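Student:
Residue numbers (the working numbering): 1 to 454.
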């Protein structure tokens, strides 16, 4: 009996050990547990990976939108548009490229490159931001995702110009008419007008220039001689107005013009015209509320001369006579050299009758490089210059809202002359030079291109 019990006990022990061994070696339950634990992690990792790719794609699209917006807005900057138009252009182009104004912000910052003339803005930065709600990752953070993209475009390159018509629409914005003979060798001519005859030649007129650039079209004759271009560059990019940031000296808060006699000088005599007060800009100034009528030789003391009404005229008569009119600049005063004539209200410049001009713009100060400055509100005024072959004008003739007529025998053979006006007409024999490195003028460039630099 005892032996039988021992056998039963041994069998029971063997079965228990076998069951325990089967339990310990059974892998089915382990796999299920591991799968239950790791599957959510794998799904989460896949979701986060897909969301990361999604945000990367969104960032790339936002950067593309910033790039094209900066390029387009820089094009408007080159054309002379102000901040509201720049912002509108950047917003429109960015929106068409996938940017959502409702989900973010757009900021633009025009600035000047290190090589630009003082005060000339030729660089534009666009910064886009978008804020979006998280997708799968919202289980880890409730904070939205903010993306930022930045692009900088710059207007660069170009060739030196000495003539620029700023009108965006006028026919014949640059016109060479009659029997005019115009020598602009060494510089370009540019017209910002989109008219089909933005640049217009007529009659027996002739012109020599390095190149001619017109935003619109051109009507030229065989009298056009181009030194560096095969033909007129039509549909060209607009040129920047280099003096657009120069403040107008009148009206100016706290400043009032004094009275002045319009009749200056006597035939055959030298008359010196001096400034009478200090302008808030720090430049000595004299005002002429009723224009100027110059006779004989008149020497202007360096400074600013503001004409608020009437006409600035000088009738030279016979340029070889001792009574002929001559305008010149006096010696520097307290380190300031050169003169600027500013025309406000209905005041106009009308130098006619072969007056001899020997005038230089300041080479420093707030009006550096500007010889004649027409108000930006003078839309109904026409200015005229008719000098002699001995005339020398150094500086810019700048009438951005007014037309300008170069007629007669105007010549500035040894100077630096820039002509920038709303509309420009050459109706006489004119010669200009553009050696402006030391003249205090700003760079006048044509056919500039736009490049993304950042």
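No residue lacks a Cβ here, since even glycine has one placed at the ideal position from N, Cα and C. Because the structure is a prediction, the values reported are computed rather than measured.
Going by DSSP, which residues form a beta bridge with residue 327?
Tutor: In the chain shown, residue 327 corresponds to position 327, counting from 1. Paired residue(s): 298 and 357.
Student: Nearest to residue 326 by alpha carbon, out of 440, 391 and 230?
Tutor: The residue given as residue 326 occupies position 326 in the chain shown. The shortest Cα separation from residue 326 among 440, 391 and 230 belongs to 391.
Student: Is the separation between the beta-carbon of residue 341 and that of residue 305 shorter than 8 Å?
Tutor: Along the chain shown, read from residue 1 onward, the residue named residue 341 stands at position 341. Along the chain shown, read from residue 1 onward, the residue named residue 305 stands at position 305. Yes, these two residues count as a Cβ contact at 8 Å.
Student: Roughly how many angstroms lie between the CA atoms of residue 244 and residue 370, to the nearest whole one?
Tutor: Looking up residue 244 in the chain shown gives position 244. Looking up residue 370 in the chain shown gives position 370. Those two C-alpha atoms are separated by around 12 Å.
Student: Are residue 194 and residue 169 close, meaning C-beta to C-beta below 8 Å?
Tutor: Residue mapping note: residue 194 aligns to position 194 of the chain shown, counting from 1. Residue mapping note: residue 169 aligns to position 169 of the chain shown, counting from 1. Contact annotation: residue 194 and residue 169 have beta-carbon atoms nearer than 8 Å.
Student: So residue 302 packs on residue 338, CB below 8 Å; how close in whole Å?
Tutor: Within the chain shown, residue 302 is the residue found at index 302, counting from 1. Within the chain shown, residue 338 is the residue found at index 338, counting from 1. Rounded, the Cβ-Cβ distance is 6 Å, consistent with contact.
Student: Under the assumption that residue 213 contacts residue 190 (Cβ atoms under 8 Å), give the Cβ distance between them as a whole number of angstroms.
Tutor: For this step, residue 213 is matched to residue 213 along the chain shown. For this step, residue 190 is matched to residue 190 along the chain shown. Indeed they touch by this definition, with Cβ atoms about 5 Å apart.
Student: Output needed for residue 173: all residues of its chain with C-beta closer than 6 Å, excluding positions within five of it in sequence on either side, in chain order.
Tutor: Here the question's residue 173 lines up with position 173 in the chain shown. So the qualifying residues of the chain are 165, 167, 191, 193, 198 and 423.
Student: Does DSSP classify residue 400 as helix, strand or coil?
Tutor: Reading the chain shown from its first residue, position 400 is the one you call residue 400. Strand.
Student: Using the Cα positions of residue 307 and residue 333, report the straight-line distance between them to the nearest angstrom.
Tutor: The residue given as residue 307 occupies position 307 in the chain shown. The residue given as residue 333 occupies position 333 in the chain shown. If you take the alpha carbons of residue 307 and residue 333, they lie about 21 Å apart.
Student: Just reading off the alpha helix (DSSP H) that residue 95 is part of, what are its end residues?
Tutor: Here residue 95 is taken as the residue at index 95 of the chain shown, counted from 1. 83-96 is the span of the alpha helix (DSSP H), which, as asked, contains residue 95.
Student: Give me the Cα-Cα distance between residue 402 and residue 82, rounded to the nearest whole angstrom.
Tutor: Residue 402 sits at position 402 when you count from the first residue of the chain shown. Residue 82 sits at position 82 when you count from the first residue of the chain shown. Straight-line Cα distance between these residues: approximately 19 Å.
Student: Return the first residue and the last residue of the beta strand (DSSP E) that residue 383 is part of.
Tutor: On the chain shown, position 383 is the one that residue 383 refers to. In the DSSP annotation of this structure, the continuous segment of the beta strand (DSSP E) that includes residue 383 starts and ends at 382-387.
Student: Return yes when the Cβ of residue 113 is within less than 8 Å of the Cβ of residue 154, no when it is not.
Tutor: Numbered from 1 along the chain shown, position 154 holds the residue referred to as residue 154. Numbered from 1 along the chain shown, position 113 holds the residue referred to as residue 113. Yes, Cβ-Cβ distance for residue 154 and residue 113 is below 8 Å.
Student: Which word fits residue 272, buried or exposed, when buried means at least 16 other C-beta atoms lie within 10 angstroms of its C-beta?
Tutor: Here residue 272 corresponds to residue number 272 of the chain shown, with the count starting at 1. Residue 272 is exposed by the Cβ-count criterion.
Student: Does residue 56 pass the burial test, meaning 16 or more other C-beta atoms within 10 Å, or should it be called exposed?
Tutor: Position 56 of the chain shown holds residue 56. Burial call: exposed.
Student: How many whole angstroms separate the CB atoms of residue 160 and residue 187, which I take to be in contact at a CB cut-off of 8 Å?
Tutor: Taking the first residue of the chain shown as 1, we reach residue 160 at position 160. Taking the first residue of the chain shown as 1, we reach residue 187 at position 187. Contact holds; Cβ gap of about 5 Å.
Student: Between the beta-carbon of residue 279 and the beta-carbon of residue 247, is there less than 8 Å?
Tutor: For the purposes of this step, residue 279 is taken as residue 279 along the chain shown, with counting starting at 1. For the purposes of this step, residue 247 is taken as residue 247 along the chain shown, with counting starting at 1. Not in contact: residue 279 and residue 247 (Cβ atoms no closer than 8 Å).
Student: Under a Cβ-count criterion, where at least 16 other Cβ atoms within 10 Å of its own Cβ denotes burial, should residue 227 be classed as buried or exposed?
Tutor: As a first step, residue 227 must be located in the chain shown, where it is residue number 227. Around the Cβ of residue 227, a 10 Å sphere holds fewer than 16 other Cβ atoms; the residue is exposed.
Student: Using the Cβ count rule (16 or more neighbours within 10 Å means buried), how would you classify residue 380?
Tutor: On the chain shown, position 380 is the one that residue 380 refers to. Exposed: under 16 other Cβ atoms inside 10 Å.
Student: Let me know the secondary structure DSSP gives residue 154 once reduced to three states.
Tutor: Here residue 154 is taken as the residue at index 154 of the chain shown, counted from 1. It is a strand residue.
Student: Cα-Cα, which of 291, 329 and 110 is closest to residue 84?
Tutor: Working through the chain shown from its first residue, we reach residue 84 at position 84. Measuring from the Cα of residue 84, the nearest candidate turns out to be 110.
Student: If we ignore side chains and look at the alpha-carbon of each, how far apart do residue 313 and residue 351 end up?
Tutor: Reading the chain shown from its first residue, position 313 is the one you call residue 313. Reading the chain shown from its first residue, position 351 is the one you call residue 351. One C-alpha to the other measures close to 5 Å.
Student: In three-state terms, what does DSSP make of residue 313?
Tutor: Residue 313 sits at position 313 when you count from the first residue of the chain shown. Residue state, collapsed to three classes: strand.
Student: Tell me the rounded alpha-carbon separation between residue 284 and residue 419.
Tutor: Position 284 of the chain shown, counted from the first residue, corresponds to residue 284. Position 419 of the chain shown, counted from the first residue, corresponds to residue 419. Approximately 25 Å between the Cα atoms of the pair.
Student: Using the DSSP secondary-structure output, state which residues sit across from residue 110 in a beta bridge.
Tutor: On the chain shown, residue 110 is found 110 positions in, with the first residue counted as 1. In the DSSP output, where bridge partners are listed per residue, residue 110 has 124.
Student: Can you round the beta-carbon distance between residue 90 and residue 106 to whole angstroms, since I take them to be within the 8 Å contact cut?
Tutor: Position 90 of the chain shown, counted from the start, is the residue given in the question as residue 90. Position 106 of the chain shown, counted from the start, is the residue given in the question as residue 106. Correct: roughly 6 Å between the Cβ atoms.
Student: Assuming the contact rule is C-beta atoms closer than 8 Å, residue 421 and residue 404 should be a hit. Round their C-beta distance to whole Å, please.
Tutor: By one-based count along the chain shown, residue 421 stands at place 421. By one-based count along the chain shown, residue 404 stands at place 404. Confirmed, Cβ separation roughly 4 Å.
Student: Rounded to whole angstroms, what is the Cα-Cα separation between residue 100 and residue 431?
Tutor: To locate residue 100, count along the chain shown from 1; it is residue 100. To locate residue 431, count along the chain shown from 1; it is residue 431. One C-alpha to the other measures close to 54 Å.
Student: In the DSSP assignment, find the beta strand (DSSP E) that holds residue 80 and state where it starts and stops.
Tutor: The residue you call residue 80 lines up with position 80 of the chain shown. Note, residue 80: premise wrong, no beta strand (DSSP E); not H, not E.
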